[in-house]
Amino acid sequence: MIADGAEDEEKWLAAGIAGLQQNAFYMHRALDSNNLRDALKYSAQMLSELRTSKLSPHKYYALYMRAFDELRKLEMFFREETRRGCSIIDLYELVQHAGNILPRLYLLCTVGSVYIKSKEAPAKDVLKDLVEMCRGIQNPVRGLFLRSYLSQVSRDKLPDIGSEYEGDADTVTDAVEFVLQNFTEMNKLWVRMQHQGPSREKEKREKERSELRDLVGKNLHVLSQIEGVDLEMYKETVLPRVLEQVVNCKDELAQLYLMDCIIQVFPDEYHLQTLDILLGACPQLQPSVDIKTVLSQLMERLSNYAASSAEVLPEFLQVEAFSKLSNSIGKVIEAQVDMPVIGVVTLYSSLLKFTLHVHPDRLDYADQVLGSCVKKLSNKGKIDDSRATKQIVALLSAPLEKYNDIVTALKLSNYPHVMEYLDNATNKVMATVIIQSIMKNKTQISTADKVEALFELIKGLIKDLDGDLDDELDEDDFAEEQNSVARLIQMLYNDDPEEMFKIISTVRKHIMTGGPKRLLFTTPPLVFSTLKLVRRVQGQDENPFGDDSAFSPKKIFQLLNQTIEALLIIPAPELALRLYLQCAEAANDCDLEPVAYEFFTQAYILYEEEISDSKAQITALHLIIGTLQRMHVFGVENRDTLTHKATGYSAKLLKKPDQCRAVYACAHLFWVDDQENTKDGERVLICLKRALRIANAAQQMSNAARGSTGSVTLFVEILNKYLYFFEKGNPQITVASIQSLIELITNEMQSDSTTPDPATDAFFASTLRYIEFQKQKGGAVGEKYEPIKA
Amino acid sequence: MNFLKGAFWQPCNITILFSDGRTRKQVPLKKENGQTAMVPLFQSQENIAGEVVIEPVQGKKLDHIGVKIELLGQIELYFDRGNFYDFTSLVRELDVPGELYEKKTYPFEFSSVEMPHESYNGVNIRLRYILKVTISRNFISNIAESQDFVVRNYTPPPSINNSIKMEVGIEDCLHIEFEYSKSKYHLKDVILGKIYFLLVRIKLKNMELEIRRRESTGSGPNTYVETETLAKFELMDGTPVRGESIPIRLFLSPYELTPTYRNINNKFSVKYYLNLVMVDEEDRRYFKQQEITVYRLLES
């Protein structure tokens, strides 16, 4: 059916063109022989083709354009005819004898154009007559094309200021009047189009209507091109009249298009000066009109205008552009009860962009915008329209982009309220945006209040929100998010320790609500941030706050303790252990023995109770040993307890090699180079010997289980320990013991049961090379090494 | 042969000449045989003067019992063929009975002739003026020759010329108000007006203004009425809505109108009507007819 329709249309168009061309041919002949009567007759017949109702606007346009070209020739002929002495007035009458109205009016417009050019009558009279007579065409398509023809032929003949047609009787007012009237009539026809024809073709008609809209809009363009339309006239005549038509036509399509046209074709300066009028029309538009697009366009243009030059900014202030726009948006939203959320948000988002451009210094304006937005969104609940949420994100991002500084945004008290309307996922996105902004700009958030506000903003990342279902959440995404939070925590800094402490407390308060999954990510940065503070405070000689102050290193450590404890619930013992050790070290630096001891205790408890995986045990144990080795704050008793425990743990590791390694590591606990009171050579030796025993046992076990003794790596490693302590001057480590160890290794390596291992060979070789090297160094060291024979 | 020739051939040539024949305006007149001839134009109260030239056929003597010229105003009803009705009849004796041997010229004059009616060629009727020269003879038939001329009477612009304004409609369906600027128009006039649509519930497709001529002849039961549509002038294309107003501008000059004639000698009337016709999408016609008066304005 539809295909047939299109085919038929092609046929009709072809027939129309053929008819037109045939009559045009006769018309040309008449023109060539200066036969006015025939020229009129054939031109009227030619134009009769335009009377068809069968063509869609698109096809009709094709036909119209052909007729248009022919009419140009006819116009030339009329002009020559008047030069030959034919009275233009007679011609003007003559063409009106045509019986059919459409050809008659096309001819009338054509002659009218010559009439104006002849200046035998005031242009305004002719124009007025033409625009009046065109009322005879009430068919929308034909009427629109006819009037667009009129507009076309009269364009260069308007009595504009400076035009040759301007005279005593003809003023620019007449030109404007003419265009306005033509515009009004065209719009009426255009609007009416939707009501004509069967309702089932409504969609098709709407499509056709939008094809025709530029014919209507062109009038506004013509108006904007009239030189004489100055601000005064625009304000007093043009705009009110156009708006009256726009409002009264009560048609969604027309209102949207025409408002857009007005905004686009007239200068920004005019808009600025007529904001009242323009905005006043907005609430009067049909509720279904997509007013947000219109106003957004307007605000965008004004923003650009403001950006174009600083000189225009005073104008904005003078006309109170912001408050006008703001009021108007409020009214529009009130008037359009059914406006979807996206509309509301888009409007405020545009307004915000506008105010950021025009009044960057007026943060209160921005806050006001957000406040109004919140007010309008209240009682709407969370927003589930994805496009609307996108708009909210845009709205919220605008201040960040503008100020490049979250601190400014934090001053916007309504900012978090707006965020509350986002669904959880988007809330997170927004929070991420905020964090990224901070990262990008390396913004320092330096007071607890701001931190509080900031965490309020990004709470989507900080804790589970109501109704949040994490099931579908991607692990990687989650990690990404939390990593960004972790990075953010590092950015919070204040030179003043007390303020910093407050910041930390605030952060802690927030992240503690985050649940086990988040704590994994957020605790470490917090702990380290706190430790940084501790070290800063410790750097100062005396506690500047006095002991009863709420703030002291002790307090900080208490806080740390509590913070880390939270990890136990997760449970994340390995992480907690590491953090405890870090804290212990910090406490060590602060000379707080009990605190350090407490941390170690916690770490040991964790090791004993929570860490059961042997690999994890190894790692943990090495960490403990390493940390403990560096502690200098402990008294002998405490240290003994701790080292003893550590050594005990070492011997209890599952695998022999691991035992061996832990034990020889423990040797270091008894020998700290720069601490005279911890140089217990004997116990070092005990450890090393024990390690040797274990290594031996390991070899035997291996032999028993697999038939080969395995590598001698452990021995080489122990040898290295021997050498280390030997070099450090441990008197218990003798040349003989080293010598025997080397021999042992050499023997083992030559034994058949040993699995050859190139790495171990190389290791051993380089150890021997080291001995040689030390020997050749000479001096005290060389002397010491001299007796060793490799 | 001679006898026959004498019976059918006029023994003399009669020519009627107008004294101002060279300067007087000539207008076309459709003759009975369908051809158009140019004839002089007069108006009432004019002097009609000239001369009649009678030229006997070479060498023939013409006996007569008198020569006269008549000015006749006749109304001829076609359905009553051959029945002339003379409403004007003036006679001038040109010669006493006698003989004519050679060409002789007789001047004549009818001064300030009352010719109240205009020449008219209608569907069922004709009103005409002729000058008829008759050479009366004894025993044999008279010799007659006639010359048509046209009378047109001019009217000054009417002192009262009201507009025609009217609201018509079909209840709850279509209400319009139309206005023609005048009720009396001269022949080269232009009809100006407007049509306002007060209520439109039907889908109109177009609107035309027709000029109709109604010629009625006879009287009583023998009245014949003939209506012709002289003009169909499209005023509007498309479907108007409430509140629209459509301009009317119709030049009368292209159409062959006559003035309105009212009850000419109780024989006939010619009246003009403007018929406003609206056609809806189902080709139903809605119309309203209004009489207008047409008059002949003296062309200056």
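If you read the protein sequences in the order shown, they are chains A and B. If you're matching positions, the first sequence starts at 0 in numbering that gives the first Met the number 0 and goes up one per residue. If you're matching positions, the second sequence starts at 0 in numbering that gives the first Met the number 0 and goes up one per residue. Glycine included, C-beta positions come from ideal geometry on N, C-alpha and C. Here the structure is a predicted model, which means the values were calculated and not measured.
Exercise. Can you give, in chain order, each stretch of the beta strand (DSSP E) that sits fully within the segment 230-268 of chain B and has at least 3 residues?
Worked result: 244-250 and 260-263
Problem set entry | Proximal residues to residue 92 of chain B (C-beta, below 6 Å), its chain only, five neighbours per side dropped | On the second sequence, residue 92 of chain B is found 93 positions in, with the first residue counted as 1. If we look at residue 92 of chain B and ignore the five residues flanking it on each side, its Cβ neighbours are 67.
Problem set entry | residue 733 of chain A (DSSP reduced to helix, strand or coil) | Here residue 733 of chain A corresponds to residue number 734 of the first sequence, with the count starting at 1. Three-state DSSP puts residue 733 of chain A in coil, outside helix and strand.
Problem set entry | DSSP-derived helix/strand/coil call for residue 322 of chain A | One-based indexing of the first sequence puts residue 322 of chain A at position 323. Residue 322 of chain A: helix per DSSP, three-state reduction.
Problem set entry | residue 100 of chain A: contacting residues in chain B (beta-carbon distance under 7 Å) | For the purposes of this step, residue 100 of chain A is taken as residue 101 along the first sequence, with counting starting at 1. In chain order: 233, 234, 235 and 236.
Exercise. Can the beta-carbon of residue 312 of chain A be found closer than 7 Å to that of residue 273 of chain A?
Worked result: The residue given as residue 312 of chain A occupies position 313 in the first sequence. The residue given as residue 273 of chain A occupies position 274 in the first sequence. Not closer than 7 Å, so no.
Exercise. Per DSSP, what kind of secondary structure is residue 443 of chain A in: helix, strand or coil?
Worked result: Residue mapping note: residue 443 of chain A aligns to position 444 of the first sequence, counting from 1. Residue state, collapsed to three classes: coil.
For this session: With a threshold of 6 Å, establish whether the CB of residue 126 of chain B neighbours any heavy atom of the ligand GTP.
Result: Here there are no bound small molecules, and the ligand GTP is not part of this structure.
Exercise. Is DSSP giving residue 131 of chain B helix, strand or coil here?
Worked result: What you label residue 131 of chain B is simply residue 132 of the second sequence in a count that begins at 1. Here residue 131 of chain B sits in strand by DSSP.
Exercise. What are the start and end residues of each continuous alpha helix (DSSP H) run of 4 or more residues lying completely inside the segment 54-142 of chain B, in chain order?
Worked result: none
Problem set entry | Three-state secondary structure assigned by DSSP to residue 120 of chain A | The residue given as residue 120 of chain A occupies position 121 in the first sequence. In the structure shown, residue 120 of chain A sits in coil (DSSP, three-state: anything other than H, G, I, E or B).
Problem set entry | Residue-chain proximity (residue 96 of chain A, chain B), Cβ-Cβ < 7 Å | By 1-based counting over the first sequence, the position of residue 96 of chain A is 97. Answer yes: the Cβ-Cβ gap between residue 96 of chain A and chain B drops below 7 Å somewhere.
Exercise. Which same chain residues, not among the five before or five after residue 144 of chain A, have their C-beta less than 6 Å away from its C-beta?
Worked result: Translated into the one-based positions of the first sequence, residue 144 of chain A becomes position 145. Result list for residue 144 of chain A: 63, in chain order.
Exercise. Which residues of chain B have a Cβ atom closer than 7 Å to the Cβ of residue 92 of chain A, listed in chain order?
Worked result: Taking the first sequence and counting its residues from 1, the one referred to as residue 92 of chain A is at position 93. What residue 92 of chain A touches in chain B: 250.
Problem set entry | Sequence-distant residues of its chain with Cβ nearer than 7 Å to residue 734 of chain A (five each side left out) | Stepping through the first sequence from its first residue, residue 734 of chain A is reached at position 735. Excluding sequence neighbours, residue 734 of chain A sits near 786 and 787.
Problem set entry | For residue 416 of chain A, the first and last residue of its enclosing beta strand (DSSP E) | The residue labelled residue 416 of chain A in the question sits at position 417 within the first sequence. Per DSSP, residue 416 of chain A belongs to no beta strand (DSSP E); it is in the alpha helix (DSSP H), 414-418.
Exercise. Closer than 7 Å, Cβ to any Cβ of chain B: which residues of the segment 112-133 of chain A, in chain order?
Worked result: The segment 112-133 of chain A vs chain B, Cβ under 7 Å: 131 and 132.
Exercise. Near residue 0 of chain A, which residues of its chain fall below 6 Å by C-beta distance, leaving aside the five closest residues on each side in sequence?
Worked result: Taking the first residue of the first sequence as 1, we reach residue 0 of chain A at position 1. Per-residue confidence for residue 0 of chain A stands at a pLDDT of 41, beneath the threshold of 50, marking its modelled position as unreliable; the derived number appears in the next sentence. Excluding residues within five positions, none has a Cβ falling inside 6 Å.
Exercise. Just curious, the beta strand (DSSP E) that residue 168 of chain B is in, first and last residue?
Worked result: Position 169 of the second sequence, counting from 1, holds the residue named residue 168 of chain B. Per DSSP, residue 168 of chain B belongs to the beta strand (DSSP E) from 163-169.
Problem set entry | 9 Å Cβ cut-off: residues of chain A touching residue 240 of chain B | In the second sequence, the residue the question calls residue 240 of chain B occupies position 241. Simply 137, 187, 191 and 194.
Exercise. Which first and last residues belong to the alpha helix (DSSP H) in which residue 26 of chain B is found?
Worked result: The residue you call residue 26 of chain B lines up with position 27 of the second sequence. Residue 26 of chain B -> not in any alpha helix (DSSP H); beta strand (DSSP E) instead, spanning 25-29.
Exercise. Chain D partners of residue 36 of chain A, CB-CB under 8 Å?
Worked result: The question asks about chain D, but that chain is absent: this structure's protein chains are A and B.
Problem set entry | Candidates B:85, B:134, B:185 and B:45, of which the one nearest residue 13 of chain B by Cα | In the second sequence, the residue the question calls residue 13 of chain B occupies position 14. Residue B:134 is the option with its Cα nearest to residue 13 of chain B.
For this session: Go ahead and label residue 764 of chain A buried or exposed: buried means 16 or more other beta carbons lie within 10 angstroms of its beta carbon, across all protein chains shown.
Result: For the purposes of this step, residue 764 of chain A is taken as the residue at position 765 of the first sequence. Per the 10 Å Cβ criterion, exposed.
Exercise. Helix or strand or just coil, what does DSSP make of residue 213 of chain B?
Worked result: As a position in the second sequence, residue 213 of chain B is number 214, starting the count at 1. It is a strand residue.
Problem set entry | Run of the alpha helix (DSSP H) containing residue 572 of chain A, from where it starts to where it stops | The count along the first sequence starts at 1 and reaches residue 572 of chain A at position 573. Here the alpha helix (DSSP H) through residue 572 of chain A covers 572-588.
For this session: Specify, as a first and last residue, the run of the beta strand (DSSP E) that residue 197 of chain B falls within.
Result: The residue you call residue 197 of chain B lines up with position 198 of the second sequence. Per DSSP, residue 197 of chain B belongs to the beta strand (DSSP E) from 189-199.
Exercise. Since residue 22 of chain B is in the beta strand (DSSP E), which residue starts that stretch and which ends it?
Worked result: Residue mapping note: residue 22 of chain B aligns to position 23 of the second sequence, counting from 1. Run containing residue 22 of chain B: none; DSSP gives neither H nor E here.
For this session: Report the residues of the segment 190-203 of chain B with a CB closer than 7 Å to any CB of chain A, ordered along the chain.
Result: Listed by position, the residues of the segment 190-203 of chain B near chain A (Cβ gap below 7 Å) amount to none.
Exercise. Going along the chain, which residues of its own chain have a beta-carbon closer than 7 Å to the beta-carbon of residue 249 of chain A, five neighbours each way excluded?
Worked result: Residue numbering aside, residue 249 of chain A sits at position 250 when the first sequence is read from its first letter. Here the set comprises 285.
For this session: Using 10 angstroms around the beta-carbon of residue 397 of chain A, count the other beta-carbons present and answer buried if the total reaches 16, otherwise exposed.
Result: For the purposes of this step, residue 397 of chain A is identified with residue 398 of the first sequence, where counting begins at 1. Buried, because 16 or more other Cβ atoms sit within 10 Å of the Cβ of residue 397 of chain A.
Exercise. Just reading off the alpha helix (DSSP H) that residue 695 of chain A is part of, what are its end residues?
Worked result: Translated into the one-based positions of the first sequence, residue 695 of chain A becomes position 696. First-last of the alpha helix (DSSP H) with residue 695 of chain A: 680-705.
Exercise. Does the pairing of the segment 60-75 of chain A with the segment 155-172 of chain A give three or more beta-carbon distances under 8 Å?
Worked result: no
Problem set entry | Beta-carbon spacing of residue 587 of chain A, residue 575 of chain A below 7 Å | The count along the first sequence starts at 1 and reaches residue 587 of chain A at position 588. The count along the first sequence starts at 1 and reaches residue 575 of chain A at position 576. No, they are not a contact pair.
Exercise. Where does the unbroken alpha helix (DSSP H) through residue 133 of chain A begin, and where does it stop?
Worked result: In the first sequence, counting from the first residue as 1, residue 133 of chain A sits at position 134. Looking at the DSSP string, residue 133 of chain A is not in any alpha helix (DSSP H), and its letter there is neither H nor E.
Exercise. Going by other Cβ atoms of all chains shown within 10 Å of its Cβ, with 16 needed for buried, is residue 133 of chain A buried or exposed?
Worked result: On the first sequence, position 134 is the one that residue 133 of chain A refers to. By the neighbour-count rule (16 or more Cβ atoms within 10 Å), residue 133 of chain A is buried.
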